[in-house]
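Read the structure below first, then the notes.
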Amino acid sequence: MRPSPKTDVLVAVDTALRPTGFVRRGHVWLQNRGDGVSGWLGFGVSGSLELTPLVGVCFRRYDEVCRALGVGIPGMPLVSAPLGSLMGDKPVWRWTFEPGGDHAAAASELVAAFVKHGLPYIDKHAKWDALARELVAKPESLLDFERARKLAIIHVLGGNAGAAREVLKKERERVADSADVYARSYRAFAHRFELTFRT
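Going by my numbering, the first residue of the sequence shown is number 10, and it counts up by one from there.
Written out as structure tokens, the structure reads:
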């Protein structure tokens, strides 16, 4: 049976990525950075042959806490950004692969853009202590729906249970009168967090 056009495209991308040290793991590519840190590359797929690259950094210590709390998706990056947002004046958001076209050439262009713009993002964020300080100093850089969860975990990993407790308290107060999905999910997370870490 012949592979699908999408599979052909991902094989071409995989081949182009090999010299960078990124290895396919399921639906994403990872680069081992040592000390439990991985560069991360994933793709949004629209249609059958359009890829939107997303670049990020994963930390095993953060994943272990998420797993213990039953939150998040294992192996997802702590921080990430669309490659297009890192490209400056002339962003490319999607790479289109033509059916029956030269996938190797298009994949090489995508990987060249990733090496030029995505790898520096990974390099910048691949040090836990520096990233943790940056996120605590600029919490607005995190998305609203993930900010309290990520900050509480970062604080507890840094040994600051008091700061984690304060983050949990503020978010609990903010969503106190809400019954939406996020508020219910957050309250359950905060309860599990407090039981796990006795903050």
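By construction, the Cβ of each residue, glycine as well, lies at the ideal position given by its N, Cα and C atoms.
First and last residue of the uninterrupted beta strand (DSSP E) at residue i
i	result
residue 32	32 to 34
residue 80	First-last for residue 80: undefined, no H or E at that position.
residue 28	Segment: none, residue 28 is in no beta strand (DSSP E) and carries neither H nor E.
residue 89	88 to 91
Residue range of the unbroken alpha helix (DSSP H) whose run includes residue i
i	result
residue 61	Counting along the chain, residue 61 falls outside any alpha helix (DSSP H), though it belongs to the beta strand (DSSP E) covering 59 to 68.
residue 55	Segment 46 to 55 is the beta strand (DSSP E) holding residue 55; no alpha helix (DSSP H) there.
Bridge-paired residues (DSSP) for residue i
i	result
residue 43	46
residue 37	34
Among the options, the one whose alpha carbon lies nearest that of residue i
i	options	result
residue 104	54, 14, 145	54
residue 181	197, 170, 86	197
residue 16	123, 109, 137, 176	109
residue 134	29, 86, 173, 172	86
residue 18	40, 56, 141, 28	56
residue 170	37, 21, 207	207
residue 174	92, 88, 161	161
residue 26	75, 50, 176	50
residue 120	153, 14, 24	24
residue 92	131, 76, 106	131
residue 144	89, 38, 74	89
Test: residue i CB closer than 8 Å to a CB of chain B
i	result
residue 161	Chain labels in this structure do not include chain B; a single protein chain is all it has.
Counting only runs of 4+ residues fully inside the stretch 98 to 169, write out the alpha helix (DSSP H) ranges in chain order.
-> 112 to 122, 128 to 134, 137 to 146, 153 to 166
So, do the stretch 109 to 120 and the stretch 156 to 170 have three or more beta carbon pairs nearer to each other than 8 Å?
-> no
Counting only runs that start and end within the stretch 166 to 200, where is the beta strand (DSSP E) found for 3 or more residues in a row?
-> none
Indicate whether the contact test is met: 3 or more Cβ pairs, each with one atom in the stretch 59 to 79 and one in the stretch 121 to 133, closer than 8 Å.
-> yes
Three or more C-beta pairs below 8 Å linking the stretch 190 to 198 and the stretch 165 to 175 = no
Three or more C-beta pairs below 8 Å linking the stretch 43 to 56 and the stretch 64 to 77 = yes
Stretch pair the stretch 195 to 205 + the stretch 73 to 88: three plus CB contacts closer than 8 Å = yes
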